[in-house]
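Visitor: Sharing a structure, written as structure tokens. Questions coming.
In my numbering, the protein residues as written are 1 to 533.
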């Protein structure tokens, strides 16, 4: 009556058994145990399929994000891969500048066929080193996996391995009496039997790869610099459809331009385009939350669907197929009702709530940095004109000092000053109790909306010559090197603050030399080599 025949049942059982067999084979490969002959999957590269991801295939299926710009870097990768020897490029750049995206762009170029003949039909396989190491409990299991991977690459001769975070090769799988992944790969790389693309940061390349001269000479470095603000805007425009589809929103051009400009100016310690992309993503998420709560009737219908699905599965297990068929029809009816109700609900959402504008981007930047919204929105003209009056509410008297500070802040906000220099550097002179520290605290509250935006350093604690290291951190090899400096760490955590150097006349002259850089350029380099501004 249900159209079930013996032949259909036999095919269904075979499918189930085949899936069970595939799962067993995969678990055996992952655990390092050999797969029995005759039960292996019908593929020439089982190890690569298990531990790798085919970027070329993903590009053909349109699952990779579009790459905007970076033609020069992609062309350089192509040139190095076409070399006869040492044809292994490594992309060097700070975190977030788009190293992995360049390799994805190269995979898209292969998929589109716009590539030299020597590289046509190549496959870019991203290898997951963590999966290679995972589960290798016994001596030789890791080496066996890597050897199987290299053998498959040699046999196919059309695979280019991509290893993100190349420095993890050094020491991967290495244990007492064993050799690590880099030592296994070096002979194959030197003979040109395999081709590899790497990506890592400058610090990790210097720390891990440069120390191994034999490994370093097998790779050709390509420096990847952060894009400019205008290039970042173009990158955001290319990615916009993906984020609009994910968040079910429209993203305006103003939002993209504001994200690129504000992230470049206010978000320190990170690099374009990564920080601008994150900014747009969170702004869209923020706007989506304003209308993300569906009506109670819709949630009730979704609960009913889940109940019907549960009853249907129970009916199938008990082989009550008539009841299962009725429940299946009921599930379809409920889903159609849900789609209709969701469509009607989305139509009631105001149009302005469906668009991510400059306002949402500014709100996210304010949350990240602690800068007041008014300052970012450029709505502070009235506030700046009334700055003296606002400061006088907290600091009584001191007209000359408040007037000088206010004029300097207005010059800065008007864009007259050099962007590289501090907003203002002031030397408050006077006897105890006249309001020097109070004025600094009032200035922090006025500029950044919070009294806590004041970094106060008691310079009487820096009377000795060696106290300089407390400001910027101890040199390498000394106690406290890992802790960083008191001043630099506080500014890194909260870059938009007022720095008060209290009782500065008591500090050692060598401390003054360090502060010259702060007063001139508005930046300081700590013991780790990081520039803080």
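Yeah, the Cβ is synthetic: ideal placement off N, Cα and C, and Gly gets one too.
Please read all numbers here as calculations on a predicted model, not as lab measurements.
With a cut-off of 8 Å on the beta carbons, I'd call residue 498 and residue 444 a contact; round off their distance for me.
Guide: The residue given as residue 498 occupies position 498 in the chain shown. The residue given as residue 444 occupies position 444 in the chain shown. Residue 498 to residue 444, Cβ: 4 Å. Contact.
Visitor: CA-CA distance, residue 218 and residue 111?
Guide: Translated into positions along the chain shown, residue 218 becomes position 218. Translated into positions along the chain shown, residue 111 becomes position 111. Spanning the two alpha carbons is a distance of roughly 27 Å.
Visitor: Alpha carbon to alpha carbon, what distance is there between residue 369 and residue 453?
Guide: In the chain shown, counting from the first residue as 1, residue 453 sits at position 453. In the chain shown, counting from the first residue as 1, residue 369 sits at position 369. Distance between the alpha carbons of residue 453 and residue 369 is about 11 Å.
Visitor: Enumerate in chain order the residues of its own chain whose CB-to-CB distance from residue 536 is below 7 Å, with the five nearest sequence positions on each side excluded.
Guide: Lying before the first or after the last residue shown, residue 536 is absent from the chain, which here runs from 1 to 533.
Visitor: Any chance the region 257-265 sits against the region 218-234, with 3 or more Cβ pairs inside 8 Å?
Guide: The region 257-265 makes contact with the region 218-234; the number of CB pairs closer than 8 Å reaches 3 or more.
Visitor: Over the uninterrupted alpha helix (DSSP H) stretch that includes residue 442, give me the two end residues.
Guide: Position 442 of the chain shown, counted from the start, is the residue given in the question as residue 442. Residue 442 -> alpha helix (DSSP H) spans 436-448.
Visitor: Candidates 340, 316 and 272: which alpha carbon is nearest residue 301's?
Guide: Sequence index remark: in the chain shown, residue 301 carries index 301 (1-based). Residue 340 is the option with its Cα nearest to residue 301.
Visitor: What is the DSSP secondary structure of residue 97, reduced to helix, strand or coil?
Guide: Stepping through the chain shown from its first residue, residue 97 is reached at position 97. In the three-state scheme derived from DSSP, where H, G and I count as helix and E and B as strand, residue 97 is classed as coil.
Visitor: Could you tell me which residues DSSP pairs with residue 196 in its beta bridges?
Guide: Translated into the one-based positions of the chain shown, residue 196 becomes position 196. Residue 196 pairs with 161.
Visitor: Which class does residue 398 belong to by DSSP, given the choice of helix, strand or coil?
Guide: Counting from 1 along the chain shown, the entry for residue 398 is found at position 398. Correct three-state label for residue 398: coil.
Visitor: Would you tell me roughly how many angstroms separate the C-alpha atoms of residue 238 and residue 163, rounded to the nearest one?
Guide: As a working note, residue 238 is residue 238 in the chain shown. As a working note, residue 163 is residue 163 in the chain shown. Approximately 26 Å between the Cα atoms of the pair.
Visitor: Bridge partners of residue 126, per DSSP?
Guide: Your numbering for residue 126 matches position 126 in the chain shown. The partner list for residue 126 (beta bridge, DSSP) reads 53 and 162.
Visitor: Does the contact criterion of 3 or more C-beta pairs under 8 Å hold for the region 186-203 versus the region 67-74?
Guide: no
Visitor: Is the CB-CB distance between residue 468 and residue 502 below 9 Å?
Guide: Start at 1 with the first residue of the chain shown, and residue 468 comes out as number 468. Start at 1 with the first residue of the chain shown, and residue 502 comes out as number 502. Cβ atoms of residue 468 and residue 502: not closer than 9 Å.
Visitor: What is the DSSP secondary structure of residue 308, counted as helix, strand or coil?
Guide: Position 308 of the chain shown, counting from 1, holds the residue named residue 308. DSSP places residue 308 in helix when its eight states are reduced to three.
Visitor: Pairs of beta-carbons, one from the region 113-130 and one from the region 41-60, closer than 8 Å: are there three or more?
Guide: Using a Cβ-Cβ distance cut-off of 8 Å, the region 113-130 and the region 41-60 are in contact, since at least three pairs of beta carbons, one from each stretch, lie closer than that value.
Visitor: Quick one: give me the first and last residue of the beta strand (DSSP E) that residue 241 is part of.
Guide: As a first step, residue 241 is located in the chain shown; it is residue number 241 there, counting from the start. Segment 229-247 is the alpha helix (DSSP H) holding residue 241; no beta strand (DSSP E) there.
Visitor: Have a look at 89, 222, 191 and 213 and flag the residue whose alpha-carbon is nearest the alpha-carbon of residue 161.
Guide: Looking up residue 161 in the chain shown gives position 161. Looking at the Cα atoms, 89 is the closest of the given residues.
Visitor: Going by other Cβ atoms of all chains shown within 10 Å of its Cβ, with 16 needed for buried, is residue 336 buried or exposed?
Guide: By 1-based counting over the chain shown, the position of residue 336 is 336. Classification of residue 336: exposed, given that the 10 Å Cβ count is below 16.
Visitor: Return the chain-ordered list of same chain residues with a C-beta closer than 8 Å to the C-beta of residue 94, the five sequence neighbours on each side being excluded.
Guide: Taking the chain shown and counting its residues from 1, one reaches residue 94 at position 94. The answer, listed in chain order, is 201, 202, 226 and 271.
Visitor: Here's a check: name, in chain order, each residue in its chain whose Cβ is nearer than 7 Å to the Cβ of residue 214, leaving out the five neighbours to either side.
Guide: The count along the chain shown starts at 1 and reaches residue 214 at position 214. Only 186 meet the Cβ criterion.
Visitor: Beta carbon of residue 150, beta carbon of residue 193: below 9 Å?
Guide: Taking the first residue of the chain shown as 1, we reach residue 150 at position 150. Taking the first residue of the chain shown as 1, we reach residue 193 at position 193. Yes, the pair counts as a contact, with Cβ atoms nearer than the cut-off.
Visitor: Leaving aside the five residues before and after residue 361 along the sequence, list all residues of the same chain whose C-beta is less than 8 Å from its C-beta, in chain order.
Guide: What you label residue 361 is simply residue 361 of the chain shown in a count that begins at 1. Taken in chain order, the residues that qualify are 255, 258, 259, 262, 279, 280 and 283.
Visitor: Within this structure, are the beta carbons of residue 524 and residue 487 separated by less than 9 Å?
Guide: Here residue 524 corresponds to residue number 524 of the chain shown, with the count starting at 1. Here residue 487 corresponds to residue number 487 of the chain shown, with the count starting at 1. Inclusion of residue 524 and residue 487 in the CB contact set at 9 Å is warranted, their separation being smaller than that value.
Visitor: Looking only at DSSP bridge pairs, what is residue 458 linked to?
Guide: For the purposes of this step, residue 458 is taken as residue 458 along the chain shown, with counting starting at 1. BP columns for residue 458 point to 502.
Visitor: Count the other C-beta atoms from every protein chain shown that fall within 10 angstroms of the C-beta of residue 47, then say buried if there are 16 or more, exposed otherwise.
Guide: Counting from 1 along the chain shown, the entry for residue 47 is found at position 47. Its Cβ being crowded by 16 or more others within 10 Å, residue 47 is buried.
Visitor: So, is residue 520 buried or exposed, given that buried needs 16 or more other C-beta atoms within 10 angstroms?
Guide: Walking along the chain shown from the start, residue 520 turns up at place 520. Under this definition residue 520 is an exposed residue.
Visitor: DSSP on residue 548, reduced to helix/strand/coil?
Guide: Only positions 1 to 533 of the chain appear in the structure, and residue 548 is not among them; the question remains open.
Visitor: Smallest Cα separation from residue 456: which of 440, 464 and 470?
Guide: For the purposes of this step, residue 456 is identified with residue 456 of the chain shown, where counting begins at 1. Of the candidates 440, 464 and 470, the one whose C-alpha sits nearest the C-alpha of residue 456 is 440.
Visitor: Does the Cβ-Cβ distance between residue 396 and residue 426 come in under 9 Å?
Guide: For this step, residue 396 is matched to residue 396 along the chain shown. For this step, residue 426 is matched to residue 426 along the chain shown. No, the Cβ-Cβ distance between residue 396 and residue 426 is not below 9 Å.
Visitor: Which residues bound the alpha helix (DSSP H) around residue 362?
Guide: Within the chain shown, the letter at position 362 stands for residue 362. That run of the alpha helix (DSSP H) goes 358-369.
Visitor: Judging by CA-CA distance, which residue of 136, 505, 414 and 141 is the nearest neighbour of residue 429?
Guide: As a working note, residue 429 is residue 429 in the chain shown. The shortest C-alpha separation from residue 429 is found at 505.
Visitor: What would DSSP say about residue 78, mapped onto helix, strand or coil?
Guide: To locate residue 78, count along the chain shown from 1; it is residue 78. Helix at residue 78.
Visitor: So, at 8 Å on beta carbons, what are the nonlocal neighbours of residue 391 in its own chain, with the 5 sequence-adjacent residues on each side left out?
Guide: Translated into the one-based positions of the chain shown, residue 391 becomes position 391. Once the five neighbours on either side are set aside, the close Cβ partners of residue 391 are 402, 405, 406, 439, 442, 443 and 446.
Visitor: Can you give the Cα-Cα distance for residue 493 and residue 424, rounded to whole angstroms?
Guide: Position 493 of the chain shown, counted from the first residue, corresponds to residue 493. Position 424 of the chain shown, counted from the first residue, corresponds to residue 424. If you take the alpha carbons of residue 493 and residue 424, they lie about 20 Å apart.
Visitor: Can you tell which of 298, 331, 297 and 303 has the C-alpha that lies nearest to the C-alpha of residue 312?
Guide: Within the chain shown, residue 312 is the residue found at index 312, counting from 1. When only C-alpha atoms are compared, the closest one is 331.
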